[in-house]
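Participant: So for the sequence shown, our numbering puts the first residue at 23; every next one is plus one.
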Amino acid sequence: MKMKNCKPAHFNWRVEGEVAVITLKRPERKNPMTFDSYAELRDTFRQLVQADDIASVVMGSAGGNFCSGGDVHEIIKPLLDKDMKGLLAFTRMTGDLVRAMRACPQPIIAAIDGVCAGAGAMIALFSDIRFGTPQAKTAFLFTRVGLAGCDMGACAMLPRVIGQGRAAELLFSGRTMSAEEGERWGFFNRLVPADALEAEAIALARKLAEGPNFAHMMTKTMLGQEWSMSLEQAIEAEAQAQAICMQTNDFRRAYEAFAGKSVPRFAGD
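Quick look at the structure:
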């Protein structure tokens, strides 16, 4: 399946080589999410499972901000009029987005500048790697609007990334995590200047795209699956995963390149 010419209606999409770059629309409002953008992003990440022309994904910022969360007028206000069935359909849809992000085999790099709040913070959290700028301001602000902090998997994922106590503080208070805190706590892999943010994220995405993509898929799969395994189960699962990867042509290419004192050219098969 080819996705280079994908033309989404509710977010921006471009492809550089084998790297897809996604940014949300409406930078004048700090790129809020809508019902439509939730659904279209979910469907796009689901389609990436079958995409053979996209090897990595960058979730970028636009207009100096990443995402301000759910649009107050287009999401929050309409939710007040929904019954329980309608509310549950919406909250399950938001969860389906981050599920699709975890299920897509391509590494996802979030490039975060400025405001990264609510659903935007969750999109960043469920990315595989996060770059931020010194101006990045991340907030899981669900309690600020009278909701629980357990939104879209936050209570499962955030403690794994930054630790239980730090996650509890952010999810109870809804306060903003500074860029410096985010880097120190392990939320951000690194901080880079705003004018270099997207370029650095794309550079890493390209480097990953040039690597053994089948093996990257296996790595991402095992990072997710091993959460619920015992150590013994994980060791055995990794033995099986590695044995599978040893049957790939990329494994053979790596050996032949080493033997020939050259750089391997991986093809993902």
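Glycine residues also receive a C-beta, built at the ideal position from the N, C-alpha and C atoms. Bear in mind the structure is a predicted one, so any value in this text is a computation, not a measurement.
(1) If you reduce the DSSP assignment to three classes, tell me which class residue 219 lands in.
(2) With a cut-off of 8 Å on the beta carbons, I'd call residue 158 and residue 223 a contact; round off their distance for me.
(3) Just the Cα atoms here: how many angstroms apart are residue 221 and residue 181?
(4) Quick one: measure Cβ to Cβ for residue 75 and residue 25, integer angstroms, because I've assumed they're closer than 8 Å.
(5) Kindly indicate which three-state DSSP category residue 137 falls into: helix, strand or coil?
(6) Under the assumption that residue 34 contacts residue 45 (Cβ atoms under 8 Å), give the Cβ distance between them as a whole number of angstroms.
(7) Closest by CA to residue 259, which one among 232, 92, 100, 247?
(8) Expressed to the nearest angstrom, what Euclidean distance is found between the alpha-carbon atoms of residue 115 and residue 282?
(9) With DSSP run on the structure shown, which of helix, strand or coil describes residue 179?
(10) Could you give the distance in angstroms between the alpha-carbon of residue 20 and the alpha-carbon of residue 154?
(11) Hey, how far is the Cα of residue 172 from the Cα of residue 275?
(12) Who are the Cβ neighbours of residue 96 in its own chain at under 6 Å, not counting the five residues just before and after it?
(13) Which residue's Cα is closest to the Cα of residue 146: 195, 204, 186?
(14) Roughly how many angstroms lie between the CA atoms of residue 294 and residue 85, to the nearest whole one?
(15) Going by the DSSP bridge assignment, what does residue 51 pair with across the sheet?
(16) Can you grab the Cα-Cα spacing for the pair residue 197 / residue 41, in whole Å?
(17) Cβ atoms of residue 214 and residue 130: under 8 Å apart, would you say?
Facilitator: Based on what the coordinates show:
(1) Position 197 of the sequence shown, counting from 1, holds the residue named residue 219. Helix.
(2) Counting from one through the sequence shown, the residue named residue 158 turns up at place 136. Counting from one through the sequence shown, the residue named residue 223 turns up at place 201. Not a contact, Cβ separation roughly 13 Å.
(3) By one-based count along the sequence shown, residue 221 stands at place 199. By one-based count along the sequence shown, residue 181 stands at place 159. Straight-line Cα distance between these residues: approximately 29 Å.
(4) Here residue 75 refers to the residue found at position 53 of the sequence shown. Here residue 25 refers to the residue found at position 3 of the sequence shown. Their Cβ separation, rounded to whole angstroms, is 6 Å, which keeps residue 75 and residue 25 in contact under 8 Å.
(5) Your numbering for residue 137 matches position 115 in the sequence shown. Strand, per DSSP.
(6) By 1-based counting over the sequence shown, the position of residue 34 is 12. By 1-based counting over the sequence shown, the position of residue 45 is 23. About 5 Å separates the two Cβ atoms, so the contact holds.
(7) In the sequence shown, residue 259 corresponds to position 237, counting from 1. Nearest of 232, 92, 100, 247 to residue 259, Cα basis: 247.
(8) Start at 1 with the first residue of the sequence shown, and residue 115 comes out as number 93. Start at 1 with the first residue of the sequence shown, and residue 282 comes out as number 260. Their backbone Cα atoms lie some 51 Å apart in a straight line.
(9) Along the sequence shown, one-based indexing puts residue 179 at 157. Of the three classes helix, strand and coil, the one that applies to residue 179 here is helix, per DSSP.
(10) Outside the displayed range of the chain (23 to 291) lies residue 20, so it cannot be described from this structure.
(11) Counting from one through the sequence shown, the residue named residue 172 turns up at place 150. Counting from one through the sequence shown, the residue named residue 275 turns up at place 253. So the two alpha carbons sit approximately 45 Å from each other.
(12) Within the sequence shown, the letter at position 74 stands for residue 96. Only 56 meet the Cβ criterion.
(13) Against the sequence shown, residue 146 aligns to sequence position 124. The shortest Cα separation from residue 146 among 195, 204, 186 belongs to 204.
(14) The displayed coordinates of the chain run from 23 to 291. Any statement about residue 294 would go beyond what the structure contains.
(15) Within the sequence shown, residue 51 is the residue found at index 29, counting from 1. In the DSSP output, where bridge partners are listed per residue, residue 51 has none listed.
(16) Walking along the sequence shown from the start, residue 197 turns up at place 175. Walking along the sequence shown from the start, residue 41 turns up at place 19. Distance between the alpha carbons of residue 197 and residue 41 is about 33 Å.
(17) Mapped onto the sequence shown, residue 130 falls at position 108. Mapped onto the sequence shown, residue 214 falls at position 192. No.
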